[in-house]
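Accompanying notes for the structure given below.
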Amino acid sequence: MGLVSALEHVVKKPIWDCRMCGQCVLHDTGMTCPMTCPKTLRNGPCGGVREDGHCEVKPEMRCVWVKAEERSRTLPLMPQDWREHFNNLRPPVDNRLQGTSSWQNLLSGRDRETPPGWTPEPAEAEQAEA
Amino acid sequence: MSRLGELLERGDELIITGEAPVIDGGTLADYEAKLAELAPWCDAMNATDNTAAHAHASNVAMAIAMQRLGVEPILQVVCRDKNRIAQQADIMGAALHGVENICCLTGDDVTAGDESEARRVFDLDGPQLIRLASSLREGRYLSGRSVGTPPALVIGAVENPGAPPLDYRAQRAAKKIMAGARYLQLQICYHPDRLEAFVAALHQGGWTERCAILPSVVAVKGAGPLRFMDASVPGISVPAEVIGRVADAAEPAEEAYRLVREQCEHALSLPGVRGLHLTDFRKDGSMARLCTDLGIKPRSEREQHAHHRVVAV
Ligand code: SF4
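As given, the protein sequences belong to chains V and G, one line each in that order. Residue numbering for the first sequence follows my numbering, starting at 606 and increasing by one per position. Residue numbering for the second sequence follows my numbering, starting at 142 and increasing by one per position.
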């Protein structure tokens, strides 16, 4: 772990239980880390959320995405576009970035690189047809 | 194109899908017997992917088997057991055998099954898997590499209208529609108000024009399976009144039948609902009774009717 990633871990671990995925989306997810979801879902709650809002996998834990959704609406001092990004389609995790610093990856743009076959929306033709 | 694909394109006729029973050991003949009750009523049936985290004959194998038995399959693909490479291989492999309908799910956790000690994968999540299937349909793998002739995939997904956060569920469905889902099989919902609010939000947002909404119903024989679903199936809650209504009835099996018929009628009455997704746990001939009571014709008759209409136009 480099110096920056070590520092990032020290700051983010206690507050958000950061898992150092290296491609931070906290700002879009109500400042709730989706990597703490047992299924590591990046695009919203699974269909297994319990009636009391707790996690399918860990009944003692509140569903990460129930928390994230609530916070994305209610957290004060959050820029409006962070709230609006909540329902964006986030790309698959790049597993090579595990353990690297998302701060550095943000600065270098590395965290926004996606596989060449990935686009957030289907191609024009298909949309027109739909 | 698959029949499901044609129905989606035509845009107005009823769509009935069904949950095909799983098979473990056995032969094609055994599988045919398992499909026999529900298949005649369905436009297509789900070849499930290790449902509830229990190992069974694989989704791809069951889909190919259905194809051979004259039943149109929907290849269900979940994210729990395989990474993105294997998922793409399964979709392309099934397409090689003519399986075009696919349904993309996040999937239950391994803890829902009988091998909880297994490693969970979830390399992708449900919405990402839908987008990946759209890429394959557009002719490329996630890597950007060409698939050669693109498969005419008919892509669907699921959503649970009855699980928290309730107000967000329709938005999540919209996200899946934007990613490429053209039909949504909903999780069974024992709260009619939640189903209603969910479908209304999608309908008002114009999403139901782009995507067929198919609420699920599950035919059970008594209160036992309702209690089981409430206690043990992730994301399903069955209100005590509903369980009590069946448990306390003079004829629980008959009351359970009335319940499922009411659920069908209610779902079909909602603007924006295109059809139903049927699961049969009764296995006592109730599917024919249910469809007849609802005025739903067997697939073969609906198909003929549609052909007549095309000729008449
Ligand atoms: S219930 Fe919530 S936290 Fe638990 S696996 Fe599902 S989405 Fe993740």
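We put the CB at the ideal spot given by N, CA and C, even for glycine.
Environment of the ligand SF4, chain-ordered: V:Cys642, V:Pro643, V:Lys644, V:Leu646, V:Pro650, V:Cys651, V:Gly653, V:Val654, V:Cys660, V:Glu661, V:Val662, V:Cys668, V:Val669, V:Trp670, taking every residue with Cβ within less than 6 Å of a heavy atom. Under the Cβ criterion of 7 Å, G:Thr158 is not counted among the residues facing chain V. Counting only residues of its own chain and dropping the five nearest sequence neighbours on each side, G:Gln326 has a CB closer than 7 Å to the CB of Thr158, Cys244, Gly297, Val299, Leu355, Ser357, His418. At a cut-off of 7 Å between beta-carbon atoms, V:Gly658 makes contact with chain G. Exclusion of the five residues before and after G:Gly376 leaves Asn301, Gly303, Ala304, Gln328 as the residues of its chain whose Cβ lies within less than 8 Å of its Cβ. Minimum Cα-Cα distance from V:Leu711 among the listed residues V:Cys668, V:Lys617, V:Gly722, V:Gly627 corresponds to V:Gly627.
Listed along chain G is no residue with a C-beta nearer than 9 Å to that of V:Trp621; the closest approach is about 19 Å. Of the residues G:Asp249, G:Cys220, G:Leu179, the one whose Cα lies closest to the Cα of V:Val662 is G:Asp249. For G:Gly436, the three-state secondary structure derived from DSSP is coil. Burial of V:Asp716 is indicated by the presence of at least 16 other C-beta atoms within 10 angstroms of its C-beta.
Residues of the region 634 to 655 of chain V with a Cβ closer than 7 Å to any Cβ of chain G, in chain order: Pro643, Lys644, Thr645, Leu646, Arg647, Asn648, Gly649, Pro650, Cys651, Gly652, Gly653, Val654. G:Phe369 is outside the set of residues whose beta carbon lies under 7 Å from a beta carbon in chain V. Per the Cβ contact rule, the region 633 to 649 of chain V is in contact with the region 661 to 679 of chain V (3 or more Cβ pairs under 8 Å). At a cut-off of 4 residues, the continuous stretches assigned as alpha helix (DSSP H) that sit fully inside the region 366 to 424 of chain G are 381 to 388, 393 to 410. At a cut-off of 7 Å between beta-carbon atoms, G:Gln229 makes no contact with chain V. Scanning chain G for C-beta atoms nearer than 8 Å to the C-beta of V:Val671 yields Pro305, Pro306, reported in chain order.
Under DSSP, G:Ala429 takes part in no beta bridge, so it has no partner.
What G:Ser143 touches in chain V, judged by beta-carbon distance under 9 Å, is nothing: the nearest beta carbon there is about 15 Å away.
Per the C-alpha coordinates, the member of G:Tyr331, G:Val340, G:Pro291 positioned closest to G:Ala397 is G:Tyr331. Residue environment for G:Ile318: buried (at least 16 other C-beta atoms within 10 angstroms of its C-beta). Three or more beta-carbon pairs separated by less than 8 Å are not found between the region 700 to 709 of chain V and the region 395 to 409 of chain G, which leaves the two stretches without contact.
Proximity of the region 435 to 446 of chain G to the region 357 to 367 of chain G falls short of the contact definition, fewer than three beta-carbon pairs being nearer than 8 Å.
Judged by beta-carbon spacing, G:Thr247 lies beyond the 7 Å limit of G:Gly234, meaning their Cβ atoms are not closer than that value.
G:Glu154 places its beta carbon 7 Å or farther from that of G:Met428. Here G:Tyr324 carries a strand assignment [DSSP, helix/strand/coil]. About 5 Å separates the beta carbons of V:Lys672 and V:Thr637, which is inside the 8 Å limit, making them a contact pair.
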